[in-house]
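Student: One structure is given below, represented as structure tokens, and several questions about it will come after.
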Amino acid sequence: MSKTTMTLLDLVRILPVLLLVVSMAEGGSIALGIGFPKSLVCTRVHGAESGDTCFSITTALNITPEFFSTINPNLNCSNIFVSEWLCINGTIS
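Using mature numbering (1 follows the signal peptide of the UniProt record, and there is no 0), the letters of the sequence shown correspond one by one to residues -27 to -1, 1 to 66.
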């Protein structure tokens, strides 16, 4: 019984360390949210006009919706307001 209890105790001690290592390997940061933030460099912007939607902008500029939402991470496509600056070309590093 003593041998089994010791093995289980060792597992309980090692498991949090293993989870932390896996978390760091998967996300590039520790599970607490500490890590390297990604940086957006916007090289071209568009001032939203009346009637603009995410779909109309991406269609007119021939860019994918995925790319547009990636370079505008906080954009609410249901609530674009006139003169809102939208990134239409850029990189994330």
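We put the beta carbon where it would ideally sit given N, CA and C, even for glycine.
Every value quoted in this text rests on a predicted model; they were computed, and no experiment measured them.
Determine the DSSP secondary structure at Ile36, reduced to helix, strand or coil.
Tutor: Numbered from 1 along the sequence shown, position 63 holds the residue referred to as residue 36. DSSP places Ile36 in coil when its eight states are reduced to three.
Student: When DSSP labels each residue in this structure, what does Thr43 get in the three-state scheme?
Tutor: Here residue 43 corresponds to residue number 70 of the sequence shown, with the count starting at 1. The answer is helix: DSSP assigns Thr43 an H, G or I state.
Student: Can you tell me whether DSSP reads Ser2 as helix, strand or coil?
Tutor: In the sequence shown, residue 2 corresponds to position 29, counting from 1. With a pLDDT of 49 at Ser2, under the threshold of 50, the predicted position of this residue should be treated as unreliable, though the coordinate-derived value follows. The three-state secondary structure of Ser2, taken from DSSP, is coil.
Student: In three-state terms, what does DSSP make of Val14?
Tutor: On the sequence shown, residue 14 is found 41 positions in, with the first residue counted as 1. Residue state, collapsed to three classes: strand.
Student: Measure from the alpha carbon of Phe28 to the alpha carbon of each residue in Thr37, Glu22, Gly20, then state which is nearest.
Tutor: Position 55 of the sequence shown holds residue 28. Nearest option by C-alpha distance: Thr37.
Student: I need the boundaries of the beta strand (DSSP E) containing Ile61, first residue and last residue.
Tutor: Along the sequence shown, one-based indexing puts residue 61 at 88. Here the beta strand (DSSP E) through Ile61 covers 58 to 65.
Student: Rounded to a whole number of angstroms, what is the C-alpha to C-alpha distance between Cys15 and Phe41?
Tutor: One-based indexing of the sequence shown puts residue 15 at position 42. One-based indexing of the sequence shown puts residue 41 at position 68. The alpha-carbon atoms of Cys15 and Phe41 are separated by roughly 11 angstroms.
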